[in-house]
Amino acid sequence: PKIHTFIGSLEISCPEDHLIYFRFIGRIMGKAMFDRQLVKGHMVKHLYKHILGWPVMFSDLKDIDEEYYNSLKGLKDMGADIEYLYADFTTTEETLGVKRTVELVPGGADIDVTEENLPEYIEANLKYRLLGRYEKQLNELLLGFFDVIPEPLLTIFDFQELELLMCGLPEIDMDNWKENTEYSGDYDREGPNHEVCVWFWEVVSKYDQELKARLLQFVTGTSGAPARGFSSLQGINGRVMKFTIHGVALENCGAFPSSNPNSNRINLPMYGSKDKLEEKLMIAITMAATGFDIE
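Its first residue numbered 1, the sequence shown is counted upward by one per residue in UniProt numbering.
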């Protein structure tokens, strides 16, 4: 399953000395990596980026809260009409039934969201959702990790390599993967017999274990294969959500495959040839590993 560490506001529900436990967890993670002991639990993608000091991207928000990601993305299309929302640079948190207003920037309650400052509003939301709401806890976790593994030693890795290094390469059963895959969109009727889906599995079957793991990272947000097989693959909400290949017309989606990690879905364009599918899929996987947002 996907392990979501630090989701939500922690100050209200945690004891005052809780930060020492995050420092301890960081040291345990670092010691495991130092001793080459694999950690079975996988963290969300942006936490590996934080360990490496990589910047987070807007698409990282989709991995933890796709609904909120889509709502922010929809604001971009509103233009000047956004002023009628009467929004400001604040957000509301609720923990254990207690609601509180959090300013995304200093004085945010007095700053109205406009078409001109919308990019700053989205960036402020991104920073808060992926860092600000648990910055103290994350800092302690990183300090604990770096107590054991000096930060400069990690610069040779990208965030996907770091996950594979910490959690290991999964043993992926291709037959089990294919048997527990669902098809939607333009592939709904023919399913695995659709020509493009046949090409997809032929291409993926040729991948080595690392590349298969990177494809899983791209689509599901984690390289981990479920211990009980792909029939128990979980979504971000902890419910079973099977790996899904969603067919989209090439002219409606751009040139590259995209993913919805919340629902374990790859949006696969209807390419005209197997070679084109292989080329575009490899680029999408590679760009995801470097942190480049194809969107």
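Quick reminder that beta carbons are idealized off the backbone N, C-alpha and C, glycines included.
Given the structure is predicted, the values throughout are model-derived calculations rather than measurements.
- When rounded, the separation of the alpha-carbon atoms in R239 and I64 is 14 Å.
- Under the DSSP assignment, V204 falls in the alpha helix (DSSP H) whose first and last residues are 195 to 205.
- If you draw a straight line from the Cα of S231 to the Cα of K274, it is about 27 Å long.
- Per DSSP, reduced to three states, the secondary structure at G185 is strand.
- When DSSP states are grouped into helix, strand and coil, T222 belongs to the coil group.
- Taking F218 as the centre and dropping the five residues before and after it, the same chain places the C-beta of S259, I285, A288 closer than 6 Å to its C-beta, in chain order.
- Exclusion of the five residues before and after N117 leaves I111 as the residues of its chain whose Cβ lies within less than 8 Å of its Cβ.
- Contact check for G229 and N176: beta-carbon distance about 5 Å, within the 8 Å limit, so the pair qualifies.
- DSSP, read as helix, strand or coil, puts Q234 in strand.
- When DSSP assignments are scanned along the region 66 to 147, the uninterrupted stretches of beta strand (DSSP E) that are 3 or more residues long and fall wholly within it turn out to be 90 to 95, 98 to 103.
- For E115 against I82, the beta-carbon gap comes to about 6 Å, under 8 Å, which counts as contact.
- Distance between N125 and S205, taken at the CA atoms: about 40 Å.
- Counting only residues of its own chain and dropping the five nearest sequence neighbours on each side, R100 has a CB closer than 6 Å to the CB of E93.
- Under the three-state reduction of DSSP output, N180 falls in the coil class, being neither helix nor strand.
- In terms of Cβ geometry, Y69 and L75 do not form a close pair [threshold 9 Å].
- Between the region 188 to 200 and the region 135 to 144 there are fewer than three inter-stretch CB-CB distances shorter than 8 Å, so the stretches are not counted as touching.
- In this structure C167 touches H42 by the C-beta definition: roughly 6 Å separates them, less than 8 Å.
- In the structure shown, R228 adopts coil according to DSSP, grouped into three states.
- Residues T101, V102, L104, N125, Y128 of the same chain have their beta carbon placed closer than 8 Å to that of T91, with the five preceding and five following residues left out of the count.
- Distances from the alpha-carbon of S71 to those of K178, G26, R27, Y121 put Y121 closest.
- In summary, F159 is buried, with 16 or more beta-carbon neighbours lying within 10 Å of its beta-carbon over all protein chains present.
- C-alpha of V39 to C-alpha of A32: approximately 7 Å in a straight line.
- C-alpha of M270 to C-alpha of G224: approximately 27 Å in a straight line.
- In the structure shown, the three-state DSSP call for R239 is coil.
- Residue state for G26 is assigned as helix, using DSSP reduced to three classes.
- The DSSP-derived three-state label of S59 is coil.
- Within the same chain, and ignoring the five residues on either side of K49 in sequence, the residues whose Cβ sits closer than 8 Å to its Cβ are P55, V56, D60, F159, G291.
- Nearest Cα to Q234 within the set G272, T181, R214, I283: T181.
- Annotation: L268 is outside any alpha helix (DSSP H); the continuous beta strand (DSSP E) that includes it extends over 265 to 269.
- When secondary structure is reduced to three states using DSSP, G247 falls in the strand class.
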